[in-house]
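Enquirer: Residue numbers (the working numbering), protein chains in the order written: chain E, 34 to 371; chain Y, 34 to 371. Shown below is the structure under consideration.
There are 2 protein chains.
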Amino acid sequence: MSEWRKDPIVNRWVIISTERGKRPFDYNVTNVTMEEEKKIQGCPFCEGNEYKTPPEIIAYRKKNSTKDNPGWWIRVVPNKYPALINHGEVLKRQHGIYKSMKGIGVHEVIVESTIHGPGLDRQTEKQVAEVIWAWRNRLLDLRRDTRLKYIQIFKNDGSAAGASLDHTHSQIIAMPMVPVDVRQEIEGAIKYLNQHGTCVFCDLNKQEITDQERVVINSSYYLSFTPFASRFPFETWIVPKEHQCDFVQITKEQVKELAAVLKNSLRKILITVPNISYNVVLHTAPINLKEDIHYHWHIEILPRLTLISGFELSTGYYINPLPPEIAAKTLRETGEFS
Amino acid sequence: MSEWRKDPIVNRWVIISTERGKRPFDYNVTNVTMEEEKKIQGCPFCEGNEYKTPPEIIAYRKKNSTKDNPGWWIRVVPNKYPALINHGEVLKRQHGIYKSMKGIGVHEVIVESTIHGPGLDRQTEKQVAEVIWAWRNRLLDLRRDTRLKYIQIFKNDGSAAGASLDHTHSQIIAMPMVPVDVRQEIEGAIKYLNQHGTCVFCDLNKQEITDQERVVINSSYYLSFTPFASRFPFETWIVPKEHQCDFVQITKEQVKELAAVLKNSLRKILITVPNISYNVVLHTAPINLKEDIHYHWHIEILPRLTLISGFELSTGYYINPLPPEIAAKTLRETGEFS
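Quick look at the structure:
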């Protein structure tokens, strides 16, 4: 069973997905069954274990290698325990005040390396660039599905960030609506544009370059910085300097540079706090919405040192014990990587 | 240093508070210093250790006992490591596109019992009623501070819920703005009222009583149920059946019954998943806002079995592996407590 359900007060969607927790006490992590499987039979994301995942969607692999066999360096597969289901139509249901619909959507896994263990930061820049190409590839392919409105790419690294498997991977959840957090960013960007005539992300980049104190890496195409209102210690955003609303507009040269900036931003965080859990999320323009030319794609690195407590869950606000200016200084002082 | 900072894109406030993490590696829990202190010298919330906290604000105590000495059963003290500071005026600052203000607010701790250890569920109903009276007392007192707009009462129980001290306690953060999550609920309630002419929370109660399948406890004044779009496994809301916008409107008889419903809802969850971490949050009307007569106070119990991952942090949506209908059935079957 997989179902989208809407909170009748704040219109927040929730995915109720029994696939993600088959047995009564599987809920303590999102994916215990896979974790158990790994312990018993080895990691499903390691080379040679391709049969442990559903058949691959795409893979970057050596010329003579064959599908679902060794010889790949990036492999994209459907999530074995998907939160959403990839068949059927989007049909809204109403029962009294409650709205719901079938759990339509796509849930995929990108195996980011053949090397077992966590950490996109531990891959070569070339390999990180291949991961970025895989993200772009899936964004381009999935947007052809007219039922879908948004494609969310995210990465959970470490148990405190919600990862259930150690082997470095990112995930894609494509859904039939634009999620509230992205919609709020788009609305904020449009409001700012109406007031100032400029893009808020472009202005933010400019001010960060002027202020200097929150900059982590300043490269030709990207600015990596700790945002002024950071929610988490060492939270780091990577924003393209050029106005790009949609991630798929990225050029070959930019992919190469983004790989270096992403890898080194992560490396600086991991040097500062070894073994820290973190999320990486990509916010990009929704599928086929005209006002999205005012959006500006970016990557958010969200280290998970602090716990989300009752304060955050009741207010939507965050308490961060580390000023981003000190965080950026600490990250800069780990050395020059870019 | 304590500062409110506003994200320039989505207008989300963040508290940057160095008090909450004095040393560079204190961030892994919100309150390591207190934790260390506890290990070395004993729990600051235990009877006989009153000198380890700042002077008490109020306490419910035996007739002949004296302030900051044993003899209490409920004790309210300022948080020793406050996220906000309780002196000065609300002055907004602007630096380029960034808005901030002094970290004005109040951060208090309610020690809920002299018994060391977690769990409001392990207290007597009489003791839980005293906790509820203390919440009401602080709400009434703090709203006289004209700088404040909202008083958030919350409880972190267990390390996965963000608690740093075992000894059962709740917290109050009073702030100079209405937090986004409460504002969205108020706006949702007003929108619903305009469309249907009724209160969404009242209608929700009615439908839950008709549907039956998500009801946990149905008492004279309160309905305890697992919401249709539950974000977390075993998420449980307690909503007054009578329309009350403001928690302080609660009567003596209602406090007594709420104590029983809250204690027993928690007990059912703890019987089902022993030692589970959870948050309890109280959503009530903001201070002095006229449209709040359309709001409807309620308590949310948020068990923390699942981790908040990159999906939740990038979309604002949740994945819940347990349908609330199964959760409610499981909780009901733990036996009759109310």
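Here a beta-carbon is modelled for each residue, glycine too, at the ideal position from N, C-alpha and C. Please read all numbers here as calculations on a predicted model, not as lab measurements.
Does the separation of the CB atoms of Gly195(Y) and Ser342(E) fall below 7 angstroms?
Expert: Yes, these two residues count as a Cβ contact at 7 angstroms.
Enquirer: Can you round the beta-carbon distance between Gly221(Y) and Ile42(E) to whole angstroms, since I take them to be within the 8 angstroms contact cut?
Expert: That belief holds up - the Cβ atoms of Gly221(Y) and Ile42(E) are roughly 4 angstroms apart, short of 8 angstroms.
Enquirer: Look up Glu36(E) in the DSSP assignment and say whether it is helix, strand or coil.
Expert: Correct three-state label for Glu36(E): strand.
Enquirer: Can you check whether the CB of Ser203(Y) is closer than 7 angstroms to the CB of Ser257(Y)?
Expert: No.
Enquirer: Report the three-state DSSP secondary structure of Phe187(Y) (helix, strand or coil).
Expert: Three-state DSSP puts Phe187(Y) in a strand.
Enquirer: Within 10 angstroms of the Cβ of Tyr84(Y), are there 16 or more other Cβ atoms? Answer buried if so, exposed if not.
Expert: With fewer than 16 other Cβ atoms within 10 Å, it is exposed.
Enquirer: Taking Cβ positions only, does Tyr255(E) come closer than 7 angstroms to chain Y?
Expert: No, Tyr255(E) lies away from the interface with chain Y (no Cβ there is under 7 angstroms from its Cβ).
Enquirer: From which residue to which residue does the alpha helix (DSSP H) around Ala293(Y) run?
Expert: Segment Lys285 to Thr305, the alpha helix (DSSP H) holding Ala293(Y).
Enquirer: Give the secondary structure of Pro356(E) by DSSP, where H, G and I count as helix, E and B as strand, and everything else as coil.
Expert: Here Pro356(E) sits in coil by DSSP.
Enquirer: Taking Cβ positions only, does Trp46(Y) come closer than 7 angstroms to chain E?
Expert: Answer yes: the Cβ-Cβ gap between Trp46(Y) and chain E drops below 7 angstroms somewhere.
Enquirer: Would Met67(Y) pass as an interface residue toward chain E - the criterion being a Cβ-Cβ separation below 7 angstroms?
Expert: In this prediction, Met67(Y) has a pLDDT of 49, which is less than 50 and means its spatial position is unreliable; what the coordinates show is noted afterwards. Met67(Y) does not count as touching chain E.
Enquirer: Would you call the segment 230 to 244 of chain Y and the segment 266 to 286 of chain Y touching, i.e. three or more CB-CB distances under 8 angstroms?
Expert: Verdict: yes, contact present.
Enquirer: Beta carbons nearer than 7 angstroms to chain Y: which residues of the segment 318 to 349 of chain E have them?
Expert: If the cut-off is 7 angstroms between Cβ atoms, the segment 318 to 349 of chain E has Leu335, Leu338, Thr339, Leu340, Ile341, Ser342, Gly343, Phe344, Leu346, Ser347, Thr348 and Gly349 near chain Y.
Enquirer: Kindly indicate which three-state DSSP category Gln277(Y) falls into: helix, strand or coil?
Expert: Gln277(Y): coil per DSSP, three-state reduction.
Enquirer: Can you name the residues of chain Y whose CB is closer than 7 angstroms to the CB of Phe187(E)?
Expert: The contacting residues are Gly343, Phe344 and Ser347.
Enquirer: Return the chain-ordered list of same chain residues with a C-beta closer than 8 angstroms to the C-beta of Asp190(E), the five sequence neighbours on each side being excluded.
Expert: Answer for Asp190(E): Pro151, Gly152, Leu153, Ala196, Thr201, Ser310, Tyr311, Asn312 and Val313, listed in chain order.
Enquirer: Is the beta carbon of Pro111(E) less than 7 angstroms from the beta carbon of Glu141(E)?
Expert: It is a contact, given that the beta carbons lie within the stated cut-off.
Enquirer: Report yes if the C-beta distance between Ile219(E) and Ile205(E) is below 7 angstroms; otherwise report no.
Expert: Against a cut-off of 7 angstroms, the Cβ pair of Ile205(E) and Ile219(E) comes out as no contact.
Enquirer: Tell me, which residues are paired with Leu315(E) by DSSP?
Expert: BP columns for Leu315(E) point to Ile186(E) and Ile332(E).
Enquirer: At a CB-CB cut-off below 8 angstroms, which residues of chain E make contact with Glu218(Y)?
Expert: Correct list: Ile42 and Val43.
Enquirer: Could you check which residue in Trp46(Y), Val288(Y), Gln277(Y) and Gly104(Y) has the C-alpha nearest to that of His327(Y)?
Expert: That would be Gln277(Y), whose Cα lies nearest to the Cα of His327(Y).
Enquirer: If we ignore side chains and look at the alpha-carbon of each, how far apart do Lys100(Y) and Tyr114(Y) end up?
Expert: Rounded to the nearest angstrom, the two C-alpha atoms are 21 angstroms apart.
Enquirer: Taking C-beta pairs closer than 8 angstroms, name the residues in chain Y that Ala194(E) reaches, listed in chain order.
Expert: Those within 8 angstroms of Ala194(E) in chain Y are Leu340, Ser342 and Gly343.
Enquirer: List, in order along the chain, the chain E residues whose C-beta lies closer than 8 angstroms to that of Thr51(Y)?
Expert: Within 8 angstroms Cβ-Cβ: Pro354, Leu355 and Pro356.
Enquirer: Please tell me whether Gln240(Y) has its Cβ less than 7 angstroms away from any Cβ of chain E.
Expert: Chain E, which has a Cβ nearer than 7 angstroms to the Cβ of Gln240(Y), makes this yes.
Enquirer: Tell me where the alpha helix (DSSP H) around Gly159(E) begins and ends.
Expert: Position check: residue 159(E) holds Lys in this sequence, whereas Gly was assumed. Start and end: Glu158 to Leu175.
Enquirer: Which residues, in chain order, does the segment 99 to 117 of chain Y contribute to contact with chain E at a C-beta distance below 8 angstroms?
Expert: Listed by position, the residues of the segment 99 to 117 of chain Y near chain E (Cβ gap below 8 angstroms) are Ala116.
Enquirer: Between which two residues does the beta strand (DSSP E) holding Ala207(Y) run?
Expert: Start and end: His202 to Met208.
Enquirer: Assuming contact is defined by CB atoms lying nearer than 7 angstroms, are Gly138(Y) and Glu36(Y) in contact in what I supplied?
Expert: In this structure, Glu36(Y) does not lie closer than 7 angstroms to Gly138(Y) by Cβ.
Enquirer: Express the C-alpha separation of Glu145(E) and Glu89(E) in angstroms, rounding to a whole number.
Expert: C-alpha separation (whole angstroms): 13 angstroms.
Enquirer: Tell me which residues share the same chain as Thr305(Y) and place their Cβ nearer than 7 angstroms to its Cβ, disregarding the 5 neighbours each side in the sequence.
Expert: Closer than 7 angstroms at the Cβ level, and outside the excluded window around Thr305(Y), lie Phe267, Thr363, Leu364 and Thr367.
Enquirer: From His128(E) to Asp40(E), what distance separates their C-alpha atoms?
Expert: So the alpha carbons of these two residues sit roughly 13 angstroms apart.
Enquirer: In whole angstroms, give me the CA-to-CA distance for Arg155(E) and Ala293(E).
Expert: Spanning the two alpha carbons is a distance of roughly 12 angstroms.
Enquirer: CB-CB under 8 angstroms to Ser50(E), same chain, minus the five flanking residues each way: which ones, in chain order?
Expert: Excluding positions up to five away in sequence, the list reads Met34, Ser35, Glu36, Pro115, Ala116, Leu117 and Gly136.
Enquirer: Rounded to whole angstroms, what is the Cα-Cα separation between Ser192(E) and Tyr225(Y)?
Expert: Rounded to the nearest angstrom, the two C-alpha atoms are 40 angstroms apart.
Enquirer: If the criterion is Cβ atoms closer than 7 angstroms, does the pair Leu346(E) and Leu335(Y) meet it?
Expert: For Leu346(E) and Leu335(Y), yes; Cβs fall inside 7 angstroms.
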